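Chain order of the listed sequences is H and U.
Numbering of the first sequence is given in our numbering, commencing with residue 3 and proceeding in unit increments.
Numbering of the second sequence is given in our numbering, commencing with residue 889 and proceeding in unit increments.
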Amino acid sequence: MLSALQNPRQAAAQILNFGLILSTAFMMWKGLSVISDSPSPIVVVLSGSMEPAFQRGDLLFLWNRNFMEETKVGEIVVYNVKGKNIPIVHRLVRKFGVGEAAKLLTKGDNNSADDTELYAKGQDYIERKDIIGSVVAYIPFVGYVTILLSEHPWLKTVMLGIMGLVVVLQRE
Amino acid sequence: MAVSQEKISVYSLADLKNTTDDALPVYLNSLGFVQSHTLTDVRLGLGYSAFALCAATFYWDYTYGFDSTKFYTTIAVAVYTILNTALTFWIWGVEKNTVYVGTHKTSGTKIQVQTKTDKFKAVYRVTVITTTKDGKSTTKKVDKAFSGWFDAAGHFVTRPFQQMLATNVELIGQADPKNVVVAAKKEKVDEVEDNRSMDDKWASLLAESSIEDAVTSGTPAKSAKKRGKKA
Chain H
3 MLSALQNPRQ AAAQILNFGL ILSTAFMMWK GLSVISDSPS PIVVVLSGSM
53 EPAFQRGDLL FLWNRNFMEE TKVGEIVVYN VKGKNIPIVH RLVRKFGVGE
103 AAKLLTKGDN NSADDTELYA KGQDYIERKD IIGSVVAYIP FVGYVTILLS
153 EHPWLKTVML GIMGLVVVLQ RE
Chain U
889 MAVSQEKISV YSLADLKNTT DDALPVYLNS LGFVQSHTLT DVRLGLGYSA
939 FALCAATFYW DYTYGFDSTK FYTTIAVAVY TILNTALTFW IWGVEKNTVY
989 VGTHKTSGTK IQVQTKTDKF KAVYRVTVIT TTKDGKSTTK KVDKAFSGWF
1039 DAAGHFVTRP FQQMLATNVE LIGQADPKNV VVAAKKEKVD EVEDNRSMDD
1089 KWASLLAESS IEDAVTSGTP AKSAKKRGKK A
């Protein structure tokens, strides 16, 4: 343990091992991002507005490329609203026009009204560029951990504590 | 000096191997070998450039957003993949668990030491590749239990470790004749082809057994204790 610090090469190698774990995870995320053309290719459902299709905590995989056909009515899309940085997962229910300038309207399957209320002030529709991807696959429930962590911050402390304990108890 | 101050857990194979790996360069450097760090330096170079690339990607993604940096991110991901593949190849295909590369000051002979352990087996598996100046290379494999140079408390005992290397590897033996143990002769007897007369065989067998007796009477644990007292 101490001898590793005396040898600069060994110390550098040990730091590198840790750094490469982080950087590889980040680059895999970016790779997925680039392939799917979406800034956030995996999202977690935060609300029950799309029940019974998606529950809170479902993990969604997004695809943001239009091969052959445009994004069409009926697809479940994830979009960003100007001024809010929480992406919303809802179904595309109306489409007026074609191409980039088409006016799109979305609605949650479990909501009684469409999303005009959720859009920014004075905004009545969204456009293709607001969408960060259509849902192509999902894994139920596994994203619930992130919801728990963001809703109960003390859990983060507990988790860090447990990790610290593990590191102390098993010296590798 | 003979016994290390630091103690390790003798049940931890990683500790046994790491401590021994650390002692190896110290010993070989003291014998007049000049250590070469090229293998490690290339690995560090590849690894840190990959990491730097990742840091840069993170920075521009964070500052300028996804859409305006998409092109550069794509290139960065491709280059990162290449660098990481090269790094993996370097570690598995070129380094192959090498812990020491060095050249002897006077003879110019190159030595490369690779070490590994098998899971749940406290055996140090050493491969030594020596290449003389005129390009003749020999490979020697030695498997020895860690108990040969760790005492029961987990102290590293220098002398038996050095003897193990000097005895089994000819090049190290030449550089450090004091540490070559007499028992090494026994191996040579074994190697001799059996086309001798019955009397000769008997004689050699007797000689062997007497050497073995001599070796077993001086058990490593005892000798380690003696040295411990001296130090």
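From the three backbone atoms N, C-alpha and C, an ideal C-beta is built for every residue, glycine too.
Since the structure is predicted, the reported quantities are computational estimates derived from the model, not experimental observations.
Interface flag, G996/U vs chain H, CB-CB below 7 Å: Position 108 of the second sequence, counted from the start, is the residue given in the question as residue 996/U. G996/U does not count as touching chain H.
Presumed contact (8 Å Cβ cut-off) between V79/H and I37/H, rounded CB distance: Numbered from 1 along the first sequence, position 77 holds the residue referred to as residue 79/H. Numbered from 1 along the first sequence, position 35 holds the residue referred to as residue 37/H. The Cβ separation is near 18 Å, so there is no contact.
7 Å Cβ cutoff met for V45/H and F56/H: Within the first sequence, numbered from 1, the residue matching residue 45/H stands at position 43. Within the first sequence, numbered from 1, the residue matching residue 56/H stands at position 54. It is not a contact, given that the beta carbons lie outside the stated cut-off.
Length at least 3, wholly inside the segment 86-165 of chain H: the beta strand (DSSP E) runs in chain order: 90-98, 105-109, 133-141
Residues near A938/U by beta carbon distance below 7 Å, same chain, minus five either side: For the purposes of this step, residue 938/U is taken as the residue at position 50 of the second sequence. For A938/U, where only same-chain residues beyond five positions count, the Cβ hits under 7 Å are Y968, L971, N972, L975.
Same chain, Cβ closer than 6 Å to Y1028/U, neighbours up to 5 away in sequence not counted: Position 140 of the second sequence holds residue 1028/U. Checking the displayed sequence, the identity of residue 1028/U turns out to be Lys instead of Tyr. Around K1028/U: V1016, V1057.
Distance between K131/H and D39/H (C-alpha atoms, nearest Å): One-based indexing of the first sequence puts residue 39/H at position 37. One-based indexing of the first sequence puts residue 131/H at position 129. Near 12 Å, if we compare the C-alpha coordinates of K131/H and D39/H.
Reference H92/H; option with closest CA among S51/H, Y140/H, L22/H: For the purposes of this step, residue 92/H is taken as the residue at position 90 of the first sequence. Closest by alpha carbon: S51/H.
Contacting positions in the segment 57-73 of chain H - beta carbon closer than 7 Å to chain U: none
Length of the line joining the Cα atoms of F69/H and V138/H: Counted from its first residue, the first sequence places residue 69/H at position 67. Counted from its first residue, the first sequence places residue 138/H at position 136. Taking the straight line joining both Cα atoms gives about 14 Å.
Per DSSP, the bridge partner or partners of I979/U: Your numbering for residue 979/U matches position 91 in the second sequence. Answer is none; I979/U lacks a bridge partner.
DSSP state of T1015/U mapped onto helix, strand, coil: One-based indexing of the second sequence puts residue 1015/U at position 127. Note: T1015/U maps to strand in three-state DSSP.
Inter-residue spacing [alpha-carbon to alpha-carbon] between G59/H and A964/U: In the first sequence, counting from the first residue as 1, residue 59/H sits at position 57. In the second sequence, counting from the first residue as 1, residue 964/U sits at position 76. One C-alpha to the other measures close to 32 Å.
Neighbour list for F20/H in chain U, Cβ cutoff strictly below 7 Å: Taking the first residue of the first sequence as position 1, residue 20/H is located at position 18. Residues of chain U passing the Cβ test: none, with the nearest at roughly 10 Å.
The segment 96-104 of chain H touching the segment 118-125 of chain H, judged by at least three CB pairs closer than 8 Å: no
Of the listed residues S35/H, S49/H, W156/H, N9/H, nearest to G135/H (C-alpha basis): To locate residue 135/H, count along the first sequence from 1; it is residue 133. The shortest C-alpha separation from G135/H is found at S35/H.
Residues near V75/H in its chain [Cβ-Cβ closer than 8 Å; skip 5 each side]: For the purposes of this step, residue 75/H is taken as residue 73 along the first sequence, with counting starting at 1. Within the same chain, V75/H has close Cβ partners L94, V95, R96, K97.
Cα-Cα separation, P41/H to V83/H: For the purposes of this step, residue 41/H is identified with residue 39 of the first sequence, where counting begins at 1. For the purposes of this step, residue 83/H is identified with residue 81 of the first sequence, where counting begins at 1. So the two alpha carbons sit approximately 14 Å from each other.
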